[in-house]
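Presented below is the structure to which this report refers.
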Amino acid sequence: MQVYTTPKLNNVKVTSDFWKRYRELVVKEVLPYQWKVMNDEADISISEDPQNNGQDKNSHAIANLKIAAGEMKGHHYGFPFQDTDVYKWLEAAAYSFGYHPNPDLKKITDNLIDLIAKAQDDDGYLSTYFQIDAPERKFKRLQQSHELYTMGHYIEAGVAYHHETGNEKALDIAKRMADCIDRNFGLEEGKIPGYDGHPEIELALARLYEETGEKRYLDLAHYFLNQRGQDPAFFEKQIKADGDSTDRDLIAGMRDFKREYYLAAEPIKDQKVPHGHAVRVVYLCTGMAYVARYTGDKDLLAACDRFWNDIVKRQMYITGNIGQTTTGEAFTYDYDLPNDTDYGETCASVGMSFFARQMLNIHAKGEYADVLEKELFNGALSGMALDGKHFFYVNPLEADPAASKGNPGKSHVLTHRADWFGCACCPANLARLIASVDEYLYTVNGDTILSHQFISNDAEFDDGLKISQTNHFPWSGDIHYEISNPDEKSFKLGIRIPNWSANFTLEINGSVTTLPVDDGFIYVDVDAKSLTIDLELDMNVKIMRANNRVSKDFGKVAIQRGPVVYAAEQADNQAPLSSYEVATDAKTDYHFDEKLLDGVGVVQVAAEKQELDSIDGPLYMDASKPVASKSTELTMVRANRENGQMRVWLNK
């Protein structure tokens, strides 16, 4: 009988040209730019941000910390959660040290840790709005305060910083925060029997448990998940006690949302489908998956499965974007997927990546890795321009500058990336995902190593085991593995076969091999000193349709090649884009353009372009009269690189 070992992953070096460019961009452009913005030193305009809610002057995020630390005088500026811009930036910087040591940046981040420690209260509390302007209201209005959300983001940053640099002060701040929360929340007498209106602390505490081994942090995360919705009126009771007048609200309009928006209408184990704010949902789901994995809580795991299935099968865009409406940045209902008013917040795609990664840690299912890939190459990555200094908060699948300007219902759709946002949660969130993408490539489960993302890398495991993957993905589907196993350990290597690859060929040590696909993976037994694996995926251009229950995509098609979903843009095609028709069997052609957008795959699609009716003609007319059209080609990229029309779903 063959005895398998449990490999331990020690290090992953990303070698992919595609991702190295983005990861170096984070170091050279994104982090310095965001640091200047948060210090109010950048020349930016956020007045065009339609979601700014009046927060359109500057960031003031570092100044808030300095005021709380006693280094400056003044009032808090920004949202109650303004601190989190700093914490996510710090987390991204921490990950960057793993692949690009930077002594100058390290001095900045070490000094930032010192500032945060100085700003922290003696009891471990840290949320600068309340420390500066409302100390008497700490933990009094949790529906809106984001206090645990804010501290959760620092805990994540502190864990990452300690893990990457060994800085004990960074971890100590996080532990003191968690201890403060533990002293204040729970079902014991004198504690608050509640939770934050915005989930985040749950996943943060699970990460702190991983880093410290302190089970009480896992228990506290478990408490927050189990307590949620036990008293559906908890938030309303707090508001009444804190002062029922709307001028006491911390964020205008937040009390107007239903309990479902905060995932607080009933206990999680009883919730059938996710409702409400999309980022809250996926942060909560990530925490549920974390805690379920460590505690074996079957109710939480069942909720993860329910929420995943509803999101992925009924409420997710083809690009991976989630959250259909600008009202509350929220989910709506099954198969409601409008393209021109889609919200699709960048943070929601980042959070969906977190959720998918944690589900892979529980189940070896290819669908989780498929969604993770979809987010990495589409939903999340579209949130940042190639200069690292302009961003999308909202990511629709159809945009028109005239519509955004002329229709208030579409004013949230920016048709060009912005310098910054009044609510700037997305830029640093995306930065920390890109900087940590090396942590998303492998999942070790018992005696099996799952290689589920086709991002070139060199991975090192215990016992001298090394796996090297090379490719030109996502532009080519030729994937090559070199495995070095000097001690001849026995293990299984699971390689994902993506759902977009209808066919594939496999060679092991140069010999064509056939292996069955099991839940999206093929499994190779490894026990030799060395092994080569060559996988060729089906990279033919696919003309896609939506489930016909999606009324907004009925009679439309989209273009996908490999994991990349393409869009037609006015930069390449004569507007209006609505006048083009693409048949389901249209001829397509693909080429890689080295000069465009630092190298990008381009798809040409045969199309018919209708001639526009006369501007002075009737508004409605007899449909039996033919409309003149001409044969042409649509050029498809996926960039939103100019302020013009863009469309993913095309008429057929």
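If you use this note's numbering, the sequence shown corresponds to residues 1125 to 1776, in order. C-beta atoms are modelled at their ideal positions from N, C-alpha and C, and glycine is treated no differently.
For residue i, the nearest candidate out of the options (CA to CA)
i	options	result
Asp-1434	Asp-1713, Tyr-1459 and Tyr-1414	Tyr-1459
Ile-1297	Phe-1309, Glu-1718 and Asp-1234	Asp-1234
Phe-1578	Pro-1131, Leu-1133, Phe-1142 and Asn-1134	Phe-1142
Gly-1276	Phe-1645, Trp-1432, Phe-1678 and Tyr-1407	Tyr-1407
Ala-1330	Arg-1265, Leu-1349, Arg-1765 and His-1596	Leu-1349
Ala-1192	Asn-1609, Met-1745 and Ala-1243	Ala-1243
Leu-1736	Leu-1701, Asp-1717 and Asn-1767	Leu-1701
Ala-1548	Tyr-1418, Leu-1387, Tyr-1517 and Leu-1720	Tyr-1517
Tyr-1605	Ala-1555, Thr-1656 and Tyr-1273	Thr-1656
Met-1508	Arg-1556, Lys-1529 and Ala-1480	Arg-1556
Ile-1256	Ala-1185, Lys-1293 and Asn-1633	Ala-1185
Asp-1245	Val-1436, Glu-1288, Gly-1194 and Thr-1594	Gly-1194
Ala-1559	Tyr-1347, Leu-1272 and Tyr-1223	Tyr-1223
Arg-1430	Gly-1198, Gln-1206 and Lys-1393	Lys-1393
Leu-1272	Ala-1241, Phe-1309, Glu-1292 and Leu-1239	Phe-1309
Met-1378	His-1270, Asp-1228 and Ser-1614	His-1270
Gln-1351	Leu-1311, Asp-1366, Ser-1755 and Asp-1380	Leu-1311
Ala-1504	Ala-1526, Phe-1597 and Cys-1471	Cys-1471
Thr-1451	Thr-1465, Ala-1388 and Glu-1499	Thr-1465
Ala-1454	Ala-1413, Tyr-1467 and Leu-1565	Tyr-1467
Lys-1776	Val-1706, Leu-1295, Ala-1747 and Asp-1746	Val-1706
Val-1154	Asp-1511, Trp-1432 and Leu-1720	Asp-1511
Leu-1219	Asn-1188, Asp-1238, His-1536 and Val-1561	Strictly speaking, residue 1219 in this sequence is Tyr, with Leu absent from that position. It is Val-1561 whose Cα lies nearest to the Cα of Tyr-1219.
Leu-1565	Pro-1323, Ala-1747 and Ser-1592	Ser-1592
Tyr-1285	Asn-1188, Asp-1238 and Asp-1320	Asp-1238
C-beta contact flag for residue i and residue j at 9 Å
i	j	result
Arg-1283	Ala-1328	Inspection of the sequence shows that residue 1283 is occupied by Val rather than by Arg. Closer than 9 Å, so yes.
Trp-1544	Val-1161	yes
Leu-1630	Asp-1658	yes
Thr-1336	Tyr-1278	no
Val-1729	Lys-1749	no
Leu-1461	Ser-1477	no
Asp-1586	Pro-1131	yes
Asp-1677	Asn-1485	no
His-1514	Gly-1447	no
Tyr-1341	Asp-1306	yes
Val-1136	Glu-1612	no
Glu-1390	Pro-1356	yes
Arg-1145	Asp-1717	no
Lys-1680	Tyr-1704	no
Met-1301	Tyr-1253	no
Ala-1542	Gln-1158	no
Thr-1594	Gln-1482	no
Arg-1669	Thr-1708	yes
Gly-1475	Phe-1597	no
Leu-1387	Val-1405	yes
Per DSSP, the bridge partner or partners of residue i
i	result
Glu-1631	Val-1636 and Asp-1658
His-1576	DSSP lists no partner for His-1576.
Phe-1615	Val-1650
Tyr-1566	Ser-1575
Tyr-1605	Gln-1593 and Ile-1657
Met-1663	Bridge partners of Met-1663: none, in fact.
Ser-1753	Gln-1734
Met-1476	None; Met-1476 has no bridge partner.
Phe-1515	Met-1508 and Ala-1542
Met-1760	Ala-1692 and Val-1727
Residue-level contact to chain B via CB, residue i, 9 Å cutoff
i	result
Asp-1380	Among the protein chains of the structure shown there is no chain B, as only one such chain exists.
Limits of the beta strand (DSSP E) - the one that residue i falls within
i	result
Ala-1376	Here Ala-1376 belongs to no beta strand (DSSP E), and DSSP marks it neither H nor E.
Asp-1713	1712-1717
Ala-1389	Ala-1389 -> no beta strand (DSSP E), and no H or E assigned at all.
Ile-1683	1680-1685
Phe-1585	1581-1585
Met-1275	Where Met-1275 is concerned, there is no enclosing beta strand (DSSP E), although the alpha helix (DSSP H) it sits in stretches over 1271-1289.
Glu-1693	1691-1693
Run of the alpha helix (DSSP H) containing residue i, from where it starts to where it stops
i	result
Tyr-1457	That residue, Tyr-1457, is in no alpha helix (DSSP H); it is neither H nor E in DSSP.
Lys-1293	1292-1308
Glu-1165	That residue, Glu-1165, is in no alpha helix (DSSP H); it is neither H nor E in DSSP.
Ala-1243	1227-1243
Ala-1426	1422-1438
Val-1138	It is not in any alpha helix (DSSP H) - Val-1138 instead sits in the beta strand (DSSP E) that spans 1133-1138.
Val-1403	1402-1419
Quick test of the definition: if touching needs 3 or more C-beta pairs under 8 Å, does the segment 1259-1271 touch the segment 1368-1382?
The answer is yes - the segment 1368-1382 touches the segment 1259-1271, with three or more Cβ pairs under 8 Å.
Count Cβ pairs between the segment 1755-1774 and the segment 1520-1540 that sit closer than 8 Å; are there 3 or more?
Under the 8 Å Cβ criterion, the segment 1755-1774 counts as touching the segment 1520-1540, having at least three qualifying pairs.
Would the segment 1475-1491 count as touching the segment 1640-1652 if we require 3 or more Cβ pairs under 8 Å?
A contact between stretches requires three or more CB pairs, one per stretch, nearer than 8 Å, and the segment 1475-1491 meets this requirement with the segment 1640-1652.
Segment contact, 8 Å Cβ cut-off, at least three pairs: the segment 1208-1228 with the segment 1153-1167
Counting Cβ pairs under 8 Å, three or more are found: they touch.
Would you say the segment 1588-1601 touches the segment 1658-1670, given that touching needs at least three Cβ pairs under 8 Å?
Contact check between the segment 1588-1601 and the segment 1658-1670: three or more CB pairs, one atom from each, fall below 8 Å, which counts as touching.
Touching by the beta-carbon criterion (3+ pairs, under 8 Å), the segment 1690-1699 and the segment 1754-1761:
Taking 8 Å as the limit for Cβ pairs, the verdict is that the segment 1754-1761 does touch the segment 1690-1699.
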